[in-house]
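To start, the structure itself, in structure tokens.
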Amino acid sequence: MMYMLASAISMGFIRGSMGVAVLAVVDPTRRDDTYIKIHNWDGKIQGSVLSSFFFGYALMVLPSELFLRRFGGKLQTTVILLINGALCVAMPTIINKGGWVAACNAMLFMGMAHACFHTVNRSLFEQWMPPNERKIFSCLIYG
1 MMYMLASAIS MGFIRGSMGV AVLAVVDPTR RDDTYIKIHN WDGKIQGSVL SSFFFGYALM
61 VLPSELFLRR FGGKLQTTVI LLINGALCVA MPTIINKGGW VAACNAMLFM GMAHACFHTV
121 NRSLFEQWMP PNERKIFSCL IYG
């Protein structure tokens, strides 16, 4: 349970920092106070980069169930955290070297990994909770 809680908190920070990272590299008011290159992306490009996460998420919702049946939940959670963490840390470099297309691809892969995370959490939750307490705690956790 502690592993699941720690991984959920980590994924929350990773998901929250993705949008901040994209918005930080396009903010023209920060030209003098940062070492990160500021890009001239209009609203359409910013929207494409941020929405590519959700395209990846929608793409992997069904296949994530198949991955869960084949591999264990704890191993899959670890791999998901490693993929998302590495892409999140490398996001400024990915944006500077590859531009907005590379950022879209990175966000697509992050969304694909994130879709698997919710499936794994639900499965681990159902395995660890006693059957008579699942309804109560699922309302608290998902609500």
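For the sequence shown, the residue numbers in the UniProt record's numbering are 1 to 143.
C-beta: ideal position from N, C-alpha, C; glycine also.
Quick caveat, the model's predicted, so the values are computed rather than measured.
| Asked | Found |
| --- | --- |
| For H114, which residues in the same chain have their Cβ closer than 8 Å to its Cβ, ignoring the five residues on either side in sequence? | M11, R15, F53, G56, Y57, I80 and N84 |
| Counting Cβ pairs, one atom from each stretch, are 3 or more of them under 8 Å apart for the stretch 37-54 and the stretch 68-80? | no |
| Report yes if the CB atom of C88 is closer than 8 Å to the CB atom of M18, and no otherwise. | yes |
| M2 lies in the alpha helix (DSSP H); which residues open and close that run? | M2 to A24 |
| Which residue wins for smallest C-alpha separation from M112, given the options F67, S123 and N40? | F67 |
| Counting along the chain, where does the alpha helix (DSSP H) carrying I95 start and finish? | G73 to W128 |
| N40 by DSSP, collapsed to three states: which one? | coil |
| Would you call the CB atoms of A103 and V20 closer than 8 Å? | no |
| On the criterion of 16 or more Cβ atoms from any shown chain inside 10 Å, does L108 qualify as buried, or is it exposed? | buried |
| Since K37 and N105 should fall inside the 8 Å C-beta cutoff, what is the C-beta to C-beta distance between them, to a whole number of angstroms? | Going by Cβ atoms, the distance from K37 to N105 rounds to 19 Å, so no, they are not a contact pair. |
| Pick out whichever of M4, P131, C116 and W100 has its Cα sitting closest to the Cα of R69. | C116 |
| Flag this pair as yes or no: are the beta carbons of L8 and N121 separated by less than 8 Å? | The question names Leu, yet the displayed sequence has Ala at residue 8. Yes; because the gap between Cβ atoms is below 8 Å, this pair is in contact. |
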